[in-house]
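Novice: Residues in the sequence shown are numbered from 74 upward in steps of one, following our numbering. Cβ coordinates follow ideal geometry from the N, Cα and C atoms, glycine included.
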Amino acid sequence: MNRTSSTLATAIALALGLPLSPALAQSSGTAQTLDTVIVTGTRVADRTVAESQSPIDIITPEALTATGTTELATALARALPSLNFPRPAVTDGTSAIRPAQLRGLSPDQVLILVNGKRRHTSALLNVNGSIGRGSSAADLNTIPVAAIARVEVLRDGASAQYGSDAIAGVVNLVLKGAEKGGSLALDLGQYSAGDGRQYQLSGDAGVGFADDRGFVHVAGQLTHQDNTNRAGPFQPYTPATLPNQGNNPGLGEVAYIYGDPVVDAQAVSANAGFAFSDNLNAYATAIASNRDIVSYAFNRSRNHNPLTAQFYPDGFVPEIAMLSQDRSLVAGLKGSNEAGWTWDVSYNYGYNHIDFQTQNSVNYSLGATSPRRFRDGALEYTQNIGNADVTKTVDFGLAYPATLSFGAEYRREKWNQSPGEANSYTGSGAQGFGGFTPQNSGYFDRHSYAAYAGLEADLSDKFSAGLTGRYEDYSDFGSETSGKLSARYAFTERVALRGTVSSGFRAPSLAQQHYQVVTSQYNGSLDRFFDSGTFPATSPAARALGAEPLKAETSLSYSLGLVLQPTDRLYITVDAYQIDIDDRIVLSSNLPLGTNAAAQALLAGLGINGVTAARYFNNAIDTRTRGVDVIGSYSIPLTHGAFNLTAGYNYNKTDITRVAPNPAQLDALGATFWRVGRDEQGRIEEGFPRDKTTLGATWNLQRWDFVLGATRYGEFTTRVAETGNPVNDQTYGAKWIVDASASFKPSANWTLTLGADNLLDQYPDRTIAVNANHGQFPYSSQSPFGFNGAYAYGRIRYAW
Numbered sequence: 074m075n076r077t078s079s080t081l082a083t084a085i086a087l088a089l090g091l092p093l094s095p096a097l098a099q100s101s102g103t104a105q106t107l108d109t110v111i112v113t114g115t116r117v118a119d120r121t122v123a124e125s126q127s128p129i130d131i132i133t134p135e136a137l138t139a140t141g142t143t144e145l146a147t148a149l150a151r152a153l154p155s156l157n158f159p160r161p162a163v164t165d166g167t168s169a170i171r172p173a174q175l176r177g178l179s180p181d182q183v184l185i186l187v188n189g190k191r192r193h194t195s196a197l198l199n200v201n202g203s204i205g206r207g208s209s210a211a212d213l214n215t216i217p218v219a220a221i222a223r224v225e226v227l228r229d230g231a232s233a234q235y236g237s238d239a240i241a242g243v244v245n246l247v248l249k250g251a252e253k254g255g256s257l258a259l260d261l262g263q264y265s266a267g268d269g270r271q272y273q274l275s276g277d278a279g280v281g282f283a284d285d286r287g288f289v290h291v292a293g294q295l296t297h298q299d300n301t302n303r304a305g306p307f308q309p310y311t312p313a314t315l316p317n318q319g320n321n322p323g324l325g326e327v328a329y330i331y332g333d334p335v336v337d338a339q340a341v342s343a344n345a346g347f348a349f350s351d352n353l354n355a356y357a358t359a360i361a362s363n364r365d366i367v368s369y370a371f372n373r374s375r376n377h378n379p380l381t382a383q384f385y386p387d388g389f390v391p392e393i394a395m396l397s398q399d400r401s402l403v404a405g406l407k408g409s410n411e412a413g414w415t416w417d418v419s420y421n422y423g424y425n426h427i428d429f430q431t432q433n434s435v436n437y438s439l440g441a442t443s444p445r446r447f448r449d450g451a452l453e454y455t456q457n458i459g460n461a462d463v464t465k466t467v468d469f470g471l472a473y474p475a476t477l478s479f480g481a482e483y484r485r486e487k488w489n490q491s492p493g494e495a496n497s498y499t500g501s502g503a504q505g506f507g508g509f510t511p512q513n514s515g516y517f518d519r520h521s522y523a524a525y526a527g528l529e530a531d532l533s534d535k536f537s538a539g540l541t542g543r544y545e546d547y548s549d550f551g552s553e554t555s556g557k558l559s560a561r562y563a564f565t566e567r568v569a570l571r572g573t574v575s576s577g578f579r580a581p582s583l584a585q586q587h588y589q590v591v592t593s594q595y596n597g598s599l600d601r602f603f604d605s606g607t608f609p610a611t612s613p614a615a616r617a618l619g620a621e622p623l624k625a626e627t628s629l630s631y632s633l634g635l636v637l638q639p640t641d642r643l644y645i646t647v648d649a650y651q652i653d654i655d656d657r658i659v660l661s662s663n664l665p666l667g668t669n670a671a672a673q674a675l676l677a678g679l680g681i682n683g684v685t686a687a688r689y690f691n692n693a694i695d696t697r698t699r700g701v702d703v704i705g706s707y708s709i710p711l712t713h714g715a716f717n718l719t720a721g722y723n724y725n726k727t728d729i730t731r732v733a734p735n736p737a738q739l740d741a742l743g744a745t746f747w748r749v750g751r752d753e754q755g756r757i758e759e760g761f762p763r764d765k766t767t768l769g770a771t772w773n774l775q776r777w778d779f780v781l782g783a784t785r786y787g788e789f790t791t792r793v794a795e796t797g798n799p800v801n802d803q804t805y806g807a808k809w810i811v812d813a814s815a816s817f818k819p820s821a822n823w824t825l826t827l828g829a830d831n832l833l834d835q836y837p838d839r840t841i842a843v844n845a846n847h848g849q850f851p852y853s854s855q856s857p858f859g860f861n862g863a864y865a866y867g868r869i870r871y872a873w
């Protein structure tokens, strides 16, 4: 929230008869927000927020820096009621590269753009028990916050306009360009528990050259984050669970590290343009980041293995070290002519490489000669895109000229899984995170072609409409066609109705199709480790268990919205939506094969031994998501300064409408298996807050800025797997989180800020003992606001 961004609780309540709802720290003043020209979800050159046929939010850089977070995704989650960004722990790579949800859907069902161009996804595949399990999504935290001019969030299906992934919506990060001047800021903070110290040095600068025909805007940030730890002491909850037996630590011993990882990160960006003439421009955007992240695996107690005491007399917590290297480059030419034609031709390169190492570990199979640090291998994703877009204003005799658009795209993707050193996977492998074997590794690629066409027109002074269609053909699974129809009718200048109908799709990622690994996992219900194999759907092992080649998810979305501006300073939108997704791709539950002789014999015949559970990706479910977004802002002019209010509310409910019956191969094994277990169904249907409310107020004076925000996260539920007792399902209650800050400007250039996130030191409900790993995981990793407590911070900023 900033001097220009705020929302209203009471205005929405009075105008719509709703209960007081929280604030979206969204825009740059009500009037300016309505008049902001958007580039997301439309090809019309001068379409504004107020005129949009689809719901769209504008998030300013001031809103992104209104709290103490140094992460872009966290800042967006605090600004958008429909965005969820939890902080999972002890989930291997997912603890470090965390996925975000829009409208409760999978993280890979929202498309990320930078300056309107597709952002590449992370090489990481989220395969552990977190929100977004099975997804491979774009990593928002690779982009410097100081580089961003605004964020446009299209809360609507947009596959017909942008292609795969845009089922839930689109997040377009618009970078600073021709803006001159710059800033330099230092942030320092720490949690009230005394850990999690963070610092960040960030800045940006823009310059013009060649008589301002060209510009370049650079930005960067250096970030360090210490780990947090909210692990509890070991507390046995049954007589059979005794301390110092099996993998149990001593009574009352805190043996885990349960919280945020250690992060050292660097990110830089450059956004440049050059005007050769009034009708020909070149542009380029480059972004690079390195993040060195250390997260934590399950504790191995002193009794875990006879060799443990030799290496670690007090037991040990394996550390998973990840170096994520992210690179991107977009370059292009765009032009226009007097006949009304405009064109844009671009090349888009994206690359993410994640190197894994396990440290503070041991490979028991190597005995006394085992090293304690292992190189586990790497994952890598690369995209290359060639794109051409053309628009033309045409006169059909309507009230205004229409906009015709069409274009084509070629995309080539590569995903690699590289093996680790032999010590990392030999025998039992490195404890905590075993290396990728040569047999499990591989190099995979595909290409796709796409073509689209669209028409948008103002049919009268009050009525506008748009129609778009897109065809894509993938080399690995086939083709998909999608379309979108949108319309807006203004009853008056202050009341408008808008609606859309759209079909969409999401192609299965290369990682979902080819990832293969055997790793050690923990079953909380059975209180033991087991070796689980993740197999590609086309592999012999998965086919023997009934898997079929993956196909694309398809969706059909509807939205209907009301845009209200009762007074010049009050702006309210209400948008209801429904999103039906067929053949949704999910990672199956761990199929318990260890005690099934027929299953063991089946796998042994394929050369797979020692695996007690198996899982694979499949198109096993259909879902229906229904919800409503309410957004409002209100400004109050004062004699001294300005007072702004913001409010936002999202209600979202996802139901699984179909679960495909088990394949005959599973039933033939003579045991009950679940391709989509009740724990995974719980994550999809109710593992995130059913509703979320944001409230905000800013008071801006000549030398002081005061910001107060409150967010209510609704209840969410965790379900136990089939091996557990359903009575142990737990619903976590709703919580209010309050953020506050005060900024003082001793001069026009300097700003000094003190603030606190989660000012009241709120924690989620404690997890019941039977689900808390003997009290050692006292809070749920699915908590939408984490479980670190209050965070105090200070910021010094110099701008010119």
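1. Determine the contact status of G236 and A523, defining contact as a CB-CB distance below 8 Å.
2. Once DSSP output is grouped into helix, strand and coil, what is the label at T381?
3. So is K253 buried or exposed if we call it buried at 16+ other beta carbons inside 10 Å?
4. Could you check where the alpha helix (DSSP H) with Q673 kicks off and where it finishes?
5. What span of residues does the alpha helix (DSSP H) with Y689 cover, start to end?
6. Tell whether a beta-carbon distance below 8 Å holds between A610 and A620.
7. Secondary structure at F858, three-state DSSP: helix, strand or coil?
8. Between A671 and R657, what straight-line distance do the alpha-carbon atoms span, to the nearest angstrom?
9. Would L666 be called buried (16 or more neighbouring beta carbons within 10 Å of its own) or exposed?
10. Helix, strand or coil for N717? Go by DSSP, reduced to three states.
11. Give, in chain order, every unbroken run of the alpha helix (DSSP H) that is at least 4 residues long and sits entirely within the region 334-389.
12. Check whether the region 298-310 touches the region 847-865, taking contact to mean three or more Cβ pairs, one atom from each stretch, closer than 8 Å.
13. Residues bridged to N489 by DSSP?
14. Please state whether DSSP places L742 in a helix, a strand or coil.
15. Output the distance between the C-alpha atoms of N363 and H193, rounded to the nearest integer angstrom.
16. Say whether the region 778-794 touches the region 804-815, bearing in mind that this needs 3 or more beta-carbon pairs closer than 8 Å, one atom from each stretch.
17. Drop a sphere of 10 angstroms on the beta-carbon of S533, count the other beta-carbons inside from all chains shown, and report buried for 16 or more, exposed for fewer.
18. Residues in its own chain within less than 7 Å of G862 by CB, not counting five upstream and five downstream?
19. Taking the DSSP output, what are the residues bridged to D260?
20. Return helix, strand or coil for A148, following the three-state DSSP convention.
21. By DSSP, does H587 sit in helix, in strand, or in coil?
22. I need the DSSP call for S209, collapsed to helix, strand or coil.
23. Which of the three DSSP states, helix, strand or coil, is assigned to V811?
24. Roughly how many angstroms separate the alpha carbons of S203 and Q855, rounded to a whole number?
25. Roughly how many angstroms separate the alpha carbons of S576 and G539, rounded to a whole number?
26. Return helix, strand or coil for P736, following the three-state DSSP convention.
27. So, at 8 Å on beta carbons, what are the nonlocal neighbours of Y864 in its own chain, with the 5 sequence-adjacent residues on each side left out?
28. Can you give me the Cβ contacts of Y588 inside the same chain, cut-off strictly under 8 Å, excluding the 5 residues immediately before and after it?
29. If we ignore side chains and look at the alpha-carbon of each, how far apart do D468 and R567 end up?
30. What does the alpha-carbon distance come out to for the pair M74 and K726?
31. In angstroms with no decimal places, state the Cα-to-Cα distance between V163 and N436.
32. Is it right to say L97 is buried, meaning 16 or more other beta carbons lie within 10 angstroms of its own, or is it exposed?
33. Shortest alpha-carbon distance to I393 belongs to which of G413, V367, L186?
34. Please go through the same chain and pick out, in chain order, the residues whose beta-carbon is closer than 7 Å to the beta-carbon of Q430, but skip the five residues on each side of it.
35. Would you give the residue range spanned by the alpha helix (DSSP H) that A863 belongs to?
36. Taking A340 as the reference, give the member of L145, R748, T113 with the closest Cα.
Specialist: Quick answer:
1. In the sequence shown, residue 236 corresponds to position 163, counting from 1. In the sequence shown, residue 523 corresponds to position 450, counting from 1. Taking 8 Å as the Cβ cut-off, G236 and A523 qualify as a contacting pair.
2. Within the sequence shown, residue 381 is the residue found at index 308, counting from 1. Reduced to three states, the DSSP call for T381 is helix.
3. For the purposes of this step, residue 253 is taken as the residue at position 180 of the sequence shown. When all chains shown are included, K253 counts as exposed.
4. As a first step, residue 673 must be located in the sequence shown, where it is residue number 600. Annotation for Q673: the continuous alpha helix (DSSP H) segment containing it runs 670-677.
5. Start at 1 with the first residue of the sequence shown, and residue 689 comes out as number 616. No alpha helix (DSSP H) contains Y689, which DSSP labels as neither H nor E.
6. Within the sequence shown, residue 610 is the residue found at index 537, counting from 1. Within the sequence shown, residue 620 is the residue found at index 547, counting from 1. Yes, the pair counts as a contact, with Cβ atoms nearer than the cut-off.
7. Here residue 858 refers to the residue found at position 785 of the sequence shown. In this structure, F858 counts as coil in the three-state DSSP scheme.
8. Taking the sequence shown and counting its residues from 1, one reaches residue 671 at position 598. Taking the sequence shown and counting its residues from 1, one reaches residue 657 at position 584. Cα to Cα, A671 sits roughly 30 Å from R657.
9. Taking the sequence shown and counting its residues from 1, one reaches residue 666 at position 593. Buried, since its Cβ has 16 or more Cβ neighbours within 10 Å.
10. Reading the sequence shown from its first residue, position 644 is the one you call residue 717. The answer is strand: DSSP assigns N717 an E or B state.
11. 381-384
12. yes
13. Taking the sequence shown and counting its residues from 1, the one referred to as residue 489 is at position 416. Per DSSP, E453, Y516.
14. The residue labelled residue 742 in the question sits at position 669 within the sequence shown. Here L742 sits in coil by DSSP.
15. Sequence index remark: in the sequence shown, residue 363 carries index 290 (1-based). Sequence index remark: in the sequence shown, residue 193 carries index 120 (1-based). Taking the straight line from one Cα to the other gives about 15 Å.
16. Output reads yes: the region 804-815 touches the region 778-794.
17. What you label residue 533 is simply residue 460 of the sequence shown in a count that begins at 1. Its Cβ having fewer than 16 others within 10 Å, S533 is exposed.
18. Taking the sequence shown and counting its residues from 1, the one referred to as residue 862 is at position 789. Counting only Cβ-Cβ distances below 7 Å, and skipping sequence neighbours, we find Y264, S265, A266, N831, D834, Y836.
19. Mapped onto the sequence shown, residue 260 falls at position 187. Answer is Q273, R868, bridged to D260.
20. Counted from its first residue, the sequence shown places residue 148 at position 75. When DSSP states are grouped into helix, strand and coil, A148 belongs to the helix group.
21. In the sequence shown, counting from the first residue as 1, residue 587 sits at position 514. Here H587 sits in helix by DSSP.
22. By 1-based counting over the sequence shown, the position of residue 209 is 136. Of the three classes helix, strand and coil, the one that applies to S209 here is coil, per DSSP.
23. Start at 1 with the first residue of the sequence shown, and residue 811 comes out as number 738. Looking at V811 - three-state DSSP - the assignment turns out to be strand.
24. Here residue 203 corresponds to residue number 130 of the sequence shown, with the count starting at 1. Here residue 855 corresponds to residue number 782 of the sequence shown, with the count starting at 1. Taking the straight line joining both Cα atoms gives about 7 Å.
25. Translated into positions along the sequence shown, residue 576 becomes position 503. Translated into positions along the sequence shown, residue 539 becomes position 466. Distance between the alpha carbons of S576 and G539 is about 14 Å.
26. Your numbering for residue 736 matches position 663 in the sequence shown. Correct three-state label for P736: coil.
27. Your numbering for residue 864 matches position 791 in the sequence shown. Here the set comprises G141, G262, Q263, Y264, S265, G269, A829, D830, N831.
28. Working through the sequence shown from its first residue, we reach residue 588 at position 515. Correct list, in chain order: L198, V200, Q490, T607, P609.
29. For the purposes of this step, residue 468 is taken as residue 395 along the sequence shown, with counting starting at 1. For the purposes of this step, residue 567 is taken as residue 494 along the sequence shown, with counting starting at 1. The straight-line gap from Cα to Cα measures roughly 28 Å.
30. For the purposes of this step, residue 74 is taken as residue 1 along the sequence shown, with counting starting at 1. For the purposes of this step, residue 726 is taken as residue 653 along the sequence shown, with counting starting at 1. Low confidence applies to M74: its pLDDT is 36, below 50, so where it sits in the model is not reliable enough to give any reading.
31. Taking the first residue of the sequence shown as 1, we reach residue 163 at position 90. Taking the first residue of the sequence shown as 1, we reach residue 436 at position 363. One Cα belongs to V163, the other to N436, and the distance between them is close to 20 Å.
32. Working through the sequence shown from its first residue, we reach residue 97 at position 24. Summary for L97: the model assigns pLDDT 32, below 50, so the residue's position carries little reliability, and this model does not support an answer.
33. Taking the first residue of the sequence shown as 1, we reach residue 393 at position 320. Checked all of G413, V367, L186; the closest Cα to I393 is V367.
34. Along the sequence shown, one-based indexing puts residue 430 at 357. Counting only Cβ-Cβ distances below 7 Å, and skipping sequence neighbours, we find A394, R446, F447, R448, D449.
35. Within the sequence shown, the letter at position 790 stands for residue 863. Looking at the DSSP string, A863 is not in any alpha helix (DSSP H), and its letter there is neither H nor E.
36. Within the sequence shown, residue 340 is the residue found at index 267, counting from 1. The shortest Cα separation from A340 among L145, R748, T113 belongs to L145.
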